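Trainee: Residue numbers (my numbering): 2 to 347. All C-beta atoms in this analysis are idealised placements derived from N, C-alpha and C, irrespective of residue type, glycine included. Please read all numbers here as calculations on a predicted model, not as lab measurements.
1. Could you spell out where the beta strand (DSSP E) holding residue 92 opens and where it closes?
2. Count the other C-beta atoms from every protein chain shown that fall within 10 angstroms of the C-beta of residue 321, then say buried if there are 16 or more, exposed otherwise.
3. To which residues of the same chain is residue 98 closer than 7 Å at the C-beta, ignoring the five residues directly before and after it?
4. Taking contact to mean 3 or more Cβ pairs, one atom from each stretch, closer than 8 Å, check whether the stretch 173-182 and the stretch 201-208 are in contact.
5. So, at 6 Å on beta carbons, what are the nonlocal neighbours of residue 196 in its own chain, with the 5 sequence-adjacent residues on each side left out?
6. In chain order, what are the residue ranges of uninterrupted beta strand (DSSP E) at least 3 long that sit wholly in the stretch 52-96?
7. Whole angstroms is fine: what's the gap from residue 130's alpha carbon to residue 217's?
8. What three-state label does DSSP hand residue 339 in the structure shown?
9. Can you give me the C-alpha to C-alpha distance between residue 199 and residue 6, rounded to a whole angstrom?
10. Going by Cα to Cα distance, which pick from 172, 185, 91 is closest to residue 276?
11. I need the straight-line Cα distance from residue 23 to residue 292, nearest angstrom please.
12. In chain order, what residues of the same chain lie with their CB nearer than 7 Å to the CB of residue 80, ignoring the 5 residues before and after it?
13. Measuring CB atoms only, is the stretch 296-308 touching the stretch 63-72, in the sense that at least three cross pairs come out at less than 8 Å?
14. If I measure Cβ to Cβ from residue 146 and keep anything under 8 Å in the same chain, skipping five residues before and after, which residues do I get?
15. Please give me, in chain order, every unbroken run of the alpha helix (DSSP H) with length at least 4 that falls completely inside the stretch 204-249.
16. Between residue 253 and residue 57, is the Cβ-Cβ spacing less than 8 Å?
17. For residue 118, list the residues DSSP reports as bridge partners.
18. Among the residues of its own chain, which have a CB less than 7 Å from the CB of residue 140, if the five just before and after it don't count?
19. Report the option in 227, 241, 237 whose CA atom is closest to the CA atom of residue 219.
20. Using the three-state DSSP reduction, which class does residue 293 fall into: helix, strand or coil?
21. Whole angstroms are fine: how far does the CA of residue 339 sit from the CA of residue 155?
22. Roughly how many angstroms lie between the CA atoms of residue 3 and residue 160, to the nearest whole one?
23. For the alpha helix (DSSP H) holding residue 265, just list the boundary residues, first then last.
24. With DSSP as the reference, label residue 16 as helix, strand or coil.
25. Using the rule of at least 16 other Cβ atoms within 10 Å of the residue's Cβ for burial, across every protein chain shown, is residue 38 buried or exposed?
26. Mapping DSSP to helix, strand and coil, what is residue 327?
27. Please return the same chain residues whose Cβ sits closer than 8 Å to the Cβ of residue 187, not counting the five positions on each side in sequence.
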């Protein structure tokens, strides 16, 4: 029996059933009533769980691992750079930069003199981005790191261009894309445009994090089977990681996970906003844009394994090398891929 408040498998069944009902209702409307208007698959903004997401990130080791390895990879390739400019395409709460600031402010032979972060977003998120900037500025001050935060706001990614970014000749640019490019899979015009803008910034390195799943098949059956594995692992991991945080768990399941499930199973065509694809698809795509995959800072993997010891459920997390990238999973099911890319010049 499915239930939004039952066991992890019952909760997953509840949201899968809801998505299937929505899909059937849409198909019935098209066949029987010949209506152009369908029931809308809502893509929920995570406003309801704004307080729950930081708790999730703190307790979910997969996120901490990707943040740790991504941060160390940037510092590894820019170890002698004094001024760093990070362009974050989806900064969210900015928690990924807290550890980076701590590492960047540590005494070293080549200390970082200035860190600039530019967050990219839409006008509807401007106030959230600015609040994130204030929090990061406060933390930077606490670790005595000279810091500047900027916001680039556009209504549509097609409006994004190099002139919107304040670039200095003496700074090294880094592009950080965490779960941001997935919204452009299947929308070639947008992905092509964003990638050309990224290339125009001449980044020293681009770090990409995406879900390691194949939910872009035209076959509904294949998407459904893939969803069972991916969301099954996510629901199970959430139940384990947020024990004692039931309100936060329910908030995340009923907003983020619910919206994603509806998107993968009930949406079709242009309405399907999230098209998760595995790393080999991203490799082919980035290769087409002339980018070169570069190895992550795998020396940080030892620290990642040490980090897992801090969690009672750390043994459930799986770390695997896939060529130059890292995949992080839960009980053997891959969930996330982390990869690094350079332009040929660099």
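Mentor: The structure says:
1. Residue 92 -> no beta strand (DSSP E), and no H or E assigned at all.
2. exposed
3. 118, 137
4. yes
5. Counting only Cβ-Cβ distances below 6 Å, and skipping sequence neighbours, we find 290.
6. 84-89
7. 30 Å
8. strand
9. 43 Å
10. 185
11. 40 Å
12. 111
13. yes
14. 102, 105, 106, 113, 116
15. Along the length of the stretch 204-249, whole alpha helix (DSSP H) runs at least 4 residues long occupy 221-242, reported in chain order.
16. Yes, the Cβ-Cβ distance between residue 253 and residue 57 is below 8 Å.
17. BP columns for residue 118 point to 87, 150.
18. 99, 102
19. 227
20. strand
21. 27 Å
22. Here the alpha carbons of residue 160 and residue 3 stand approximately 44 Å from one another.
23. 259-266
24. helix
25. Bear in mind that the predicted position of residue 38 carries a pLDDT of just 45, short of 50, making it too unreliable to give a figure here.
26. strand
27. 217, 273, 276
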